[in-house]
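Remarks on the structure that follows.
In our numbering, the protein residues as written are 195 to 745.
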């Protein structure tokens, strides 16, 4: 059991130093990389330097003469890492690290070290490596492959014969247009269905396509005994596909597919699978949603790992590990903290979470603990997104840097989920900058916050409500109706100059008009109708001024 000492929260990929706060004893076991000029330096000085095997831990470790001599005698290559017993010593404001002994392989540590705590650390890392191969690597690879975008060509023989037949039937039903939205939409959702079917076939799961016998079937597939409805979001050019069109009915299982094409009617588009959304997965979990509820149209954070849902055995026996400093540093450096959380005891889980999460974000600890307890950490992005919205609406400042670090420490998260959560964090980060457009002396502390949802965007719109006149609302977080990109307030220059509007304006580069200012869709000056009239006249009536960032 690791000594319960206070330490700063840990970032991903490594332990953020001061490392001395993590030393449970005077010495501990770490994977070490010899400095590039180790041999030349030691020949000149008789001693050398090394560093921790991490991209962010760059502290020098002193290698004394006796150890240097052993390394020069026994290490065949100076570009490989070694396992070393490292001591730390505080000298004034500086901490110095020193190698006391080294081994070429982890097995050598287990076999030869006379020190009990070093042997225990090596054994725990060895067991962890074995569990990583058994429990984590296949999932990690499968999730990454699913999330990676694939380029699909419509003129290739991508579709099966049966799916191509369905596509031709569907195109016939809409009148076989040569181009246009209806044609692209039909092609995109048909390809999305088969994209999921190919994934299931890849893992040799039994698949039944209901559309082969009934094009109007309520579900698209039965995969491994589970009825599935495939949903897709469609992006074109600068317009991002973000929001799924309809909520589940409470028991329907959805698989979400994201598609994107550069221009309407192109014959190549990108596809990736967001994951699976099954409302029944949430039933055992003793947590509530305040905003992103299960009966609302899902966004990308509602979807979780296909591997966990269809392929992972939840009854798989894991070896429980007792954590120690060496094991924590090792797991962080190879980015497998999610597995470590699963394998350690409840007491160690709580301790590790307190190391990972700062006090400002401590309300996340019971959420994550409950998800670990119910073996459902793959649902963390959904609960995290809801938590960020709740804290923002309640005007509670979050440690957003810490949350950014947490994103990949609890579960594997997709790039689209990460982008969505980072966008939500911008709303929290801008709270202290918000001022009432009509009364600049009013800060967010003086104002209320209203939240709105639109069918066309997955991010909410947040408006600060004037204390003097509640009908006056300053929008500080929303989306572009034109591109679906996230917009965030930075100063009052970002607000529409109409007397009673308060919407966020942003710059949009139009192919015909050049750079134009756009506001919310219903804005009478910068809205959708105004934009369409500018296009019709081929004129841009407003000069570009300082406007909000389009992220």
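All residues carry an ideal CB built from backbone N, CA and C; glycine is no exception.
What first and last residue would you give for the beta strand (DSSP E) that runs through residue 632?
Counting along the chain, residue 632 falls outside any beta strand (DSSP E), and DSSP gives it neither H nor E.
Comparing alpha-carbon positions, which option in 477, 246, 264 lies nearest residue 233?
264
Using 10 angstroms around the beta-carbon of residue 312, count the other beta-carbons present and answer buried if the total reaches 16, otherwise exposed.
buried
Hey, quick one: how far does the beta strand (DSSP E) through residue 658 stretch, first residue to last?
655–659
Quick check on this structure: which residue in 229, 423, 274 has the alpha carbon closest to the alpha carbon of residue 257?
229
Excluding five sequence neighbours on each side, which residues of the same chain lie with their C-beta closer than 6 Å to the C-beta of residue 315?
Apart from the 5 residues on each side of it in sequence, residue 315 sits with its Cβ closer than 6 Å to the Cβ of 223, 518, 520 in its chain, given in chain order.
Residue 725 versus residue 643: straight-line alpha-carbon distance, rounded
29 Å
Going by beta carbon distance, what residues of the same chain come within less than 8 Å of residue 346, once the five residues before and after it are set aside?
352, 385, 389, 462, 463, 464, 465
Out of 429, 488, 430, 437, point me to the one whose CA is closest to residue 444's CA.
488
Using only the alpha-carbon positions, how far apart do residue 730 and residue 439 sit?
30 Å
For residue 732, name the three-state secondary structure that DSSP assigns.
In the three-state DSSP reduction, residue 732 falls in the coil class, being neither helix nor strand.
Taking only runs of the alpha helix (DSSP H) that begin and end inside the region 474–560, which ones reach a length of at least 4 residues, in chain order?
519–527, 531–537, 540–550
Using the C-alpha atoms, what's the distance from residue 532 back to residue 596?
16 Å
Just how far apart, CA to CA, sit residue 570 and residue 524?
24 Å
Residue 594 versus residue 561 - alpha carbon distance:
17 Å
Please classify residue 254 as buried or exposed, where buried requires at least 16 other C-beta atoms within 10 Å of its C-beta.
exposed
Counting Cβ pairs, one atom from each stretch, are 3 or more of them under 8 Å apart for the region 614–627 and the region 676–692?
yes
Of all the beta strand (DSSP E) runs that stay within the bounds of the region 383–416, which reach a length of 3 or more residues?
401–403
Suppose you measure from the CA of residue 370 to the CA of residue 247; what does that come to, to the nearest Å?
59 Å
Roughly how many whole angstroms lie between the Cα atoms of residue 308 and residue 226?
Straight-line Cα distance between these residues: approximately 20 Å.
Starting from residue 322, trace the alpha helix (DSSP H) in both directions and tell me its first and last residue.
First-last of the alpha helix (DSSP H) with residue 322: 310–329.
DSSP three-state label for residue 574, please.
helix
Use the C-beta contact count for residue 662: other C-beta atoms within 10 angstroms, 16 or more gives buried, fewer gives exposed.
Exposed, by the Cβ-count rule.
Can the beta-carbon of residue 591 be found closer than 8 Å to that of residue 557?
Residue 557 is positioned such that its CB atom lies no closer than 8 Å to that of residue 591.
What is the DSSP secondary structure of residue 278, reduced to helix, strand or coil?
strand
Among 653, 654, 670, the one whose alpha carbon lies nearest that of residue 660:
670
Output yes or no for whether 8 Å exceeds the beta carbon distance between residue 717 and residue 610.
no
Could you give the distance in angstroms between the alpha-carbon of residue 498 and the alpha-carbon of residue 340?
11 Å
Considering just the uninterrupted stretch of the alpha helix (DSSP H) at residue 245, what are its terminal residues?
Counting along the chain, residue 245 falls outside any alpha helix (DSSP H), though it belongs to the beta strand (DSSP E) covering 242–246.
State the Cα-Cα distance for the pair residue 564 and residue 329, rounded to the nearest angstrom.
21 Å
Just to check my reading of the structure: residue 405 and residue 360 have Cβ atoms closer than 8 Å, yes? What is that Cβ distance to the nearest angstrom?
5 Å
Report the residue ranges of all beta strand (DSSP E) runs contained in full by the region 647–734; include only those spanning at least 3 residues, in chain order.
655–659, 667–673, 680–682, 700–704, 708–712
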